Ligand code: NAD
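Residue numbers (the UniProt record's numbering): 1 to 345.
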């Protein structure tokens with residue numbers, strides 16, 4: 001197991017305290033939300049933090065937590081970790097997890113889930129002081145207004161730093177530890193930015209500082225607005241080409257070396273068999289759920305309205321995702337192709 005920890009993650013005292021930096025203290029990390037993304041991110045985190053550190057986990061789904069603990073202990077055993085090291089413990093609540101952890105990472109479905117979790121952490125008053133100032137990193141895709149509201153609640157009550165750091169790269173990237181993060185954090189202290197980057201790079205390969213709190217989720221929503229529309233355009237163009245008699249693989253290859261190239265065509269192609277690793281080739285299972293895509297589009301449209309910015313295609317795309325979600329809930333968002341195909345007959 002790797003134990004090379006970046007210097008930004010080594011013991012750093014809270015301001016005003018006089019701990020010696022030569023003292024090595026074992027840290028406790030917290031991870032809330034072990035879904036398609038979070039489960040894999042937390043696994044990479046456990047593999048990369050020092051064996052003597054502890055990982056606390058929390059999810060409303062008890063089965064996910066039990067599966068995680070079991071898998072982690074099997075991995076630790078097979079890699080020869082010493083007894084009592086590479087620990088993963090289940091927290092009984094988000095509050096308990098936050099009380100004990102100096103870094104708390106969340107990966108939750110949407111704004112209400114994130115607000116509920118932070119409300120449950122903060123409503124019982126001040127968290128006990130730790131050696132290191134708490135760092136809360138929310139990797140969920142939520143709207144800038146909700147994210148700034150939570151950041152404000154953490155900062156005004158002096159419970160630590162809150163950073164919005166949504167993620168790109170999907171379940172495949174989460175598993176491989178190759179995610180890209182875009183984060184929003186006050187750059188007043190370079191030390192904070194270094195610490196955030198060091199944590200994120202334990203789960204991914206890129207971490208962009210986009211600006212002040214809320215800038216990470218704003219960047220993510222702009223990206224996913226494009227994704228929502230390019231996914232529909234790809235499904236429509238593939239359906240059209242196939243109905244004209246073109247070979248699907250030949251069409252995809254042509255587009256991927258022409259100006260229509262995009263992620264839904266190249267990596268997540270919606271036609272079964274065109275890209276073997278894409279969800280379409282396994283019954284649209286796994287991947288990025290159509291409900292999550294619809295949620296991100298809704299958040300982008302609402303945020304655009306709040307800033308009086310016109311989006312001509314947003315509502316049209318929303319109509320498509322509403323209909324597809326109703327028929328194919330739980331499937332990857334590329335299932336738009338199947339929905340179109342059914343309507344074409
Ligand atoms: P998911 O629905 O698979 O996982 C969410 C997890 O949160 C579930 O395990 C659920 O039980 C848990 N949860 C819900 N409420 C909770 C609470 N109150 N306390 C503790 N746990 C709770 O979602 P996901 O696909 O892992 O996505 C997580 C976030 O990442 C979303 O905001 C999504 O938009 C974003 N995202 C997903 C992908 C993707 O490809 N799946 C890609 C980029 C970003």
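Positions of the beta carbon are idealized from the N, C-alpha and C atoms, including for glycine. All values derive from a computational prediction rather than experimental measurement.
Which residues share a DSSP beta bridge with residue i?
{"i": "residue 206", "result": "180"}
{"i": "residue 161", "result": "135"}
{"i": "residue 29", "result": "55, 103"}
{"i": "residue 168", "result": "180"}
{"i": "residue 214", "result": "None; residue 214 has no bridge partner."}
{"i": "residue 89", "result": "56"}
{"i": "residue 110", "result": "The partner list for residue 110 (beta bridge, DSSP) is empty, contrary to what the question assumes."}
{"i": "residue 332", "result": "289"}
Return the Cβ separation of residue i and residue j in integer angstroms, given the expectation that the two are a contact with Cβ distance under 8 Å.
{"i": "residue 297", "j": "residue 318", "result": "6 Å"}
{"i": "residue 115", "j": "residue 213", "result": "At roughly 15 Å, the Cβ-Cβ gap does not stay under 8 Å, so residue 115 and residue 213 are not in contact."}
{"i": "residue 46", "j": "residue 72", "result": "6 Å"}
{"i": "residue 229", "j": "residue 313", "result": "6 Å"}
{"i": "residue 169", "j": "residue 178", "result": "6 Å"}
Taking Cβ positions, are residue i and residue j nearer each other than 8 Å?
{"i": "residue 180", "j": "residue 204", "result": "yes"}
{"i": "residue 27", "j": "residue 102", "result": "yes"}
{"i": "residue 199", "j": "residue 183", "result": "no"}
{"i": "residue 239", "j": "residue 345", "result": "no"}
{"i": "residue 225", "j": "residue 323", "result": "no"}
{"i": "residue 89", "j": "residue 56", "result": "yes"}
{"i": "residue 118", "j": "residue 150", "result": "yes"}
{"i": "residue 91", "j": "residue 30", "result": "yes"}
{"i": "residue 106", "j": "residue 33", "result": "yes"}
{"i": "residue 111", "j": "residue 139", "result": "no"}
{"i": "residue 192", "j": "residue 159", "result": "no"}
{"i": "residue 237", "j": "residue 260", "result": "yes"}
{"i": "residue 262", "j": "residue 302", "result": "no"}
{"i": "residue 375", "j": "residue 145", "result": "Nothing can be reported for residue 375: it is not among the residues displayed for the chain, which extend from 1 to 345."}
{"i": "residue 321", "j": "residue 280", "result": "no"}
{"i": "residue 97", "j": "residue 123", "result": "no"}
{"i": "residue 275", "j": "residue 328", "result": "no"}
{"i": "residue 51", "j": "residue 93", "result": "no"}
{"i": "residue 202", "j": "residue 161", "result": "no"}
{"i": "residue 197", "j": "residue 207", "result": "yes"}
{"i": "residue 264", "j": "residue 231", "result": "yes"}
{"i": "residue 185", "j": "residue 209", "result": "yes"}
{"i": "residue 315", "j": "residue 294", "result": "no"}
Output yes if chain B places a C-beta closer than 8 Å to the C-beta of residue i; else output no.
{"i": "residue 33", "result": "Structure shown: chain B not included; a single protein chain is present."}
So, do the segment 317-334 and the segment 261-281 have three or more beta carbon pairs nearer to each other than 8 Å? These segments touch.
Assess, as a yes-or-no matter, whether the segment 254-265 is touched by the segment 283-297 under the definition of 3 or more beta carbon pairs within less than 8 Å. Verdict: no, contact absent.
With a threshold of 8 Å, are at least 3 pairs of Cβ atoms found where one atom belongs to the segment 29-44 and the other to the segment 65-74? As far as the Cβ criterion goes, the segment 29-44 touches the segment 65-74, which means the pair count is three or higher.
Continuous alpha helix (DSSP H) assignments of at least 4 residues falling wholly in the segment 211-283: Runs of the alpha helix (DSSP H) inside the segment 211-283: 215-243, 248-256, 263-266.
Jot down the residue ranges of each uninterrupted beta strand (DSSP E) in the segment 297-324, minimum 3 residues, whole runs only, in chain order. As for any beta strand (DSSP E) of minimum length 3 sitting wholly inside the segment 297-324, there is none.
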